[in-house]
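J.:
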Amino acid sequence: MDLNKPITNPMLVGAMELLKAEDTPDHRRLFVDEVMKATFLMPAVVTPVPQPGEDRKVKFQPGSKIQFPMLTAPDGKQFFMAYTDWTELKKWKDEENQQTFAFRFPDYADMLFRKTPDGKESPASGFIINPFGGNMVITKEVAANWMAVILKQSQPEKD
């Protein structure tokens, strides 16, 4: 991934619009394919704020803490945020030095199923792509199903 190139996902945005306009198996397949290819902006809060080194790469201080803000739905469920581009992210928060990570689907799945340091399940119920735009919800259950398909496809076939 070229970190100097802005994150954009026009094909995913188009697939989301198609799926919302007409929910067909082909549109669902296109949407899932594009989610798997996409790189998202994941908002973060890193303390202390990392500083770029001489090589222009960001360096984390020892003991840095990273938090990923979540949105809370009216029913109390919490969701990670996944933005297709900076324009969508700014609909949530237009902050000059907004900290973000570049996440792909497996990164979100890892966050959803990783145990907390005290051994509890993640409080997240899923993630939302462009929550203040296209607003596509990927629940924990859907993410688990997609990961199962990915794992099955990566297994060598047995005779």
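Numbering (this note's numbering), first residue to last: 6 to 164.
Cβ atoms here follow ideal geometry from the backbone N, Cα and C, with glycine treated the same way.
Note that the structure is a prediction, hence the values are computed from the model and not measured.
Going by C-alpha to C-alpha distance, which of Lys64, Glu27, Pro128, Glu59 sits closest to Phe73?
T.: Comparing Cα-Cα distances from Phe73 to each of Lys64, Glu27, Pro128, Glu59, the minimum goes to Pro128.
J.: Kindly indicate which residue of Thr89, Lys95, Ala153 has the alpha-carbon position closest to the one of Phe132.
T.: Ranking the options by Cα distance to Phe132, first place goes to Thr89.
J.: On a Cα-Cα basis, can you pick out the residue from Asn102, Gly138, Pro15, Glu126 that is closest to Thr44?
T.: Out of Asn102, Gly138, Pro15, Glu126, Pro15 has the C-alpha closest to the C-alpha of Thr44.
J.: With a Cβ-Cβ cutoff of 7 Å, do Thr105 and Leu24 count as a contact?
T.: No, Cβ-Cβ distance for Thr105 and Leu24 is not below 7 Å.
J.: Just verifying my parser: in three-state terms, what is the DSSP assignment at Phe132?
T.: Reduced to three states, the DSSP call for Phe132 is strand.
J.: Taking the C-alpha atoms as reference points, what is the distance between Lys98 and Phe84?
T.: Roughly 16 Å separates the two Cα atoms.
J.: Mind checking which residues open and close the alpha helix (DSSP H) that includes Ile155?
T.: Its alpha helix (DSSP H) spans residues 145 to 159.
J.: Helix, strand or coil for Val142, going by three-state DSSP, please let me know.
T.: Looking at Val142 - three-state DSSP - the assignment turns out to be strand.
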